[in-house]
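Undergrad: Structure incoming, see below.
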Amino acid sequence: MDGANQSMVSEFVFLGLSNSWETQLVLFVFSSMFYVASMLGNSFIVLTVAWDSHLHSPMYFLLANLSFIDLSVSSVITPKMIYDIFRKRKVISFGGCIAQIFFIHVIGGTEMVLLIAMAFDRYVAICKPLHYLTVMSQKMCILLLGASWVIGLIHSVIQLVFVVKLPFCGPNVLDSFYCDLPRFIKLACVDTYILEFMVTANSGFISLGSFFILIISYIFILITVWKHSSSGSSKALSTLLTHIMVVILFFGPCIFAYTWPQPTSQLDNYFAIFDVVLTPFLNSVIYTFRNKDMKMAMRRICSQLFVFRRISEIIKVL
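Residue numbers (my numbering): 1 to 318.
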């Protein structure tokens with residue numbers, strides 16, 4: 001029996017975050033401001049790494065791809081959320097809901113693996129410095145990036161293969177502002193206990209396990225840094241602390257969303273806002289203002305753009 005053909009639900013209705021006009025206004029201003037800042041900041045990071053030859057190294061290659069992922073995760077959820085804030089009826093089509101879930105988990109799984117790849121890059125740079133360029137070759141970087149996207153795709157598809165066949169014949173109200181698996185599955189017309197457990201195992205436990213692996217890895221690297229009193233140890237320590245902050249910002253809301261026993265709590269929605277609106281912005285700020293090489297490269301680009309603009313103005317006058 002094909003469950004997908006029995007589905008009578010053509011759209012889902014979001015309850016949103018609040019019915020208070022004042023709260024909606026605050027959310028609109030907050031989300032819009034940080035979304036624009038995140039898009040500009042992460043776009044500038046990608047441009048800077050691509051433009052400046054001083055940043056053509058494995059670490060910045062991975063950083064540029066992390067910024068690209070942050071651009072993607074913001075664009076999947078935030079524009080729809082901002083558009084819906086003042087709307088009385090917040091709806092999304094069945095296909096749009098499935099697409100949102102698909103891209104959320106592709107991007108989330110990819111970022112998870114990419115953060116592990118960045119930890120590996122720091123491990124090689126600090127613990128095996130003489131072999132760094134050999135191990136972290138261009139081929140290895142492309143391999144790590146490709147593996148990140150493949151694993152993210154598999155992570156998403158494995159869940160959706162079972163979810164898209166569920167029959168949805170009645171309730172279509174989601175107590176959220178976007179589509180995701182925990183609430184989506186609960187609206188099905190069949191018993192979904194096994195699927196809910198699978199989602200927890202696939203997303204929750206993997207997020208939790210990856211988080212602990214990363215933290216343990218960074219603790220090991222920090223111990224190695226402290227044991228060596230070289231001139232570059234302070235710079236390495238600063239870079240590591242930056243990476244650890246990004247790991248906590250990314251995994252914190254993910255772990256809460258997929259391992260918390262009651263996903264209908266309002267707190268879960270606000271953690272989601274933090275994850276899709278604030279975290280991409282904070283990532284760009286952290287990597288910009290805590291990284292001297294990045295700040296210097298951005299200054300060089302700004303000065304070059306200023307010179308180009310002045311030359312263009314002079315040419316127009318002539």
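No residue lacks a Cβ here, since even glycine has one placed at the ideal position from N, Cα and C.
Please specify which runs of the alpha helix (DSSP H), each continuous and at least 4 residues long, are wholly inside the region 140 to 196, giving them in chain order.
TA: 181 to 186
Undergrad: Can you give me the C-alpha to C-alpha distance between HIS243 and ASN65, rounded to a whole angstrom?
TA: 14 Å
Undergrad: Under the three-state reduction of DSSP, which class applies to ILE85: helix, strand or coil?
TA: The three-state reading of DSSP puts ILE85 in coil, since its state is none of H, G, I, E or B.
Undergrad: Which residues share a DSSP beta bridge with SER284?
TA: Paired residues: none, contrary to the question.
Undergrad: Quick one: what's got a C-beta closer than 6 Å to CYS179's C-beta in the same chain, skipping five residues either side?
TA: CYS97, GLN100, ILE101
Undergrad: Within 10 angstroms of its Cβ, does GLN138 collect 16 or more other Cβ (buried), or is it exposed?
TA: Residue environment: GLN138 is assigned as exposed (fewer than 16 neighbouring CB atoms within 10 Å of its CB, all protein chains considered).
Undergrad: Specify, as a first and last residue, the run of the beta strand (DSSP E) that LYS90 falls within.
TA: For LYS90, the enclosing beta strand (DSSP E) stretches over residues 90 to 93.
Undergrad: Relative to the C-alpha of ARG89, which residue among ASN172, TYR258, PHE162, PHE256 is closest?
TA: Out of ASN172, TYR258, PHE162, PHE256, ASN172 has the C-alpha closest to the C-alpha of ARG89.
Undergrad: What does a CB cutoff of less than 8 Å around SER207 pick up in its chain, not counting 5 residues either side in sequence?
TA: Non-local C-beta neighbours of SER207 in its own chain, meaning closer than 8 Å and more than five positions away in sequence, comprise MET112, PHE251, CYS254, ILE255, TYR258, THR259, ordered along the chain.
Undergrad: Can you check which of these residues, ARG122, MET118, PHE14, is closest to LYS80 by C-alpha distance?
TA: PHE14
Undergrad: Reducing DSSP to helix, strand and coil, say where VAL9 ends up.
TA: VAL9 falls in the coil class under three-state DSSP.
Undergrad: Which term fits PRO280, buried or exposed, when burial requires 16 or more other beta carbons within 10 angstroms of its beta carbon?
TA: It is buried - the Cβ of PRO280 has at least 16 other Cβ atoms within 10 Å.
Undergrad: Taking the C-alpha atoms as reference points, what is the distance between ALA201 and CYS189?
TA: 22 Å
Undergrad: How about ASN269 and LEU62: are their beta carbons less than 7 Å apart?
TA: no
Undergrad: Assuming VAL163 and ILE142 make a contact with CB atoms under 8 Å, what is their CB distance in whole Å?
TA: The pair is not a contact, with the Cβ atoms about 32 Å apart (cut-off 8 Å).
Undergrad: Any chance you could list the beta strand (DSSP E) runs of at least 3 consecutive residues sitting entirely within the region 11 to 42, in chain order?
TA: 11 to 14
Undergrad: Classify PRO182 as buried or exposed, calling it buried when 16 or more other Cβ atoms lie within 10 Å of its own Cβ.
TA: buried
Undergrad: Would you report the Cα separation of ILE223 and LYS128, rounded to the nearest angstrom?
TA: 14 Å
Undergrad: Hey, VAL91 and PHE68: beta-carbon distance below 7 Å or not?
TA: When the beta-carbon positions are compared, VAL91 and PHE68 stay at least 7 Å from each other.
Undergrad: Suppose you measure from the CA of ILE221 to the CA of LEU249; what does that come to, to the nearest Å?
TA: 20 Å
Undergrad: How about LEU115 and VAL285: do their beta carbons lie closer than 7 Å?
TA: no
Undergrad: Quick check on ASN269: does DSSP put it in helix, strand or coil?
TA: helix
Undergrad: Compute the minimum distance between the beta carbon of ALA117 and the heavy atoms of the ligand MG, and state whether it is under 6 Å.
TA: In the structure on display, the ligand MG does not appear, and there are no ligands present to speak of.
Undergrad: Please name the residue, chosen from LEU166, LYS292, MET39, MET8, that lies closest to LEU71 on a Cα-to-Cα basis.
TA: Nearest C-alpha to LEU71: MET39.
Undergrad: Do you know offhand how far SER303's Cα is from LEU282's?
TA: Going from the Cα of SER303 to the Cα of LEU282 covers about 25 Å.
Undergrad: What residue range does the alpha helix (DSSP H) around VAL135 cover?
TA: 132 to 135
Undergrad: To which residues of the same chain is ALA119 closer than 6 Å at the C-beta, ignoring the five residues directly before and after it?
TA: LEU214, SER217
Undergrad: Note down the Cα distance separating LEU55 from GLY146, rounded to an integer number of angstroms.
TA: Answer to the nearest angstrom: the Cα atoms are 21 Å apart.
Undergrad: Just to confirm my understanding: we take ILE77, look at its own chain, exclude 5 residues before and 5 after, and list those with CB closer than 6 Å. What are they?
TA: TYR178, VAL276
Undergrad: Using the Cα positions of ALA272 and MET298, report the straight-line distance between them to the nearest angstrom.
TA: 31 Å
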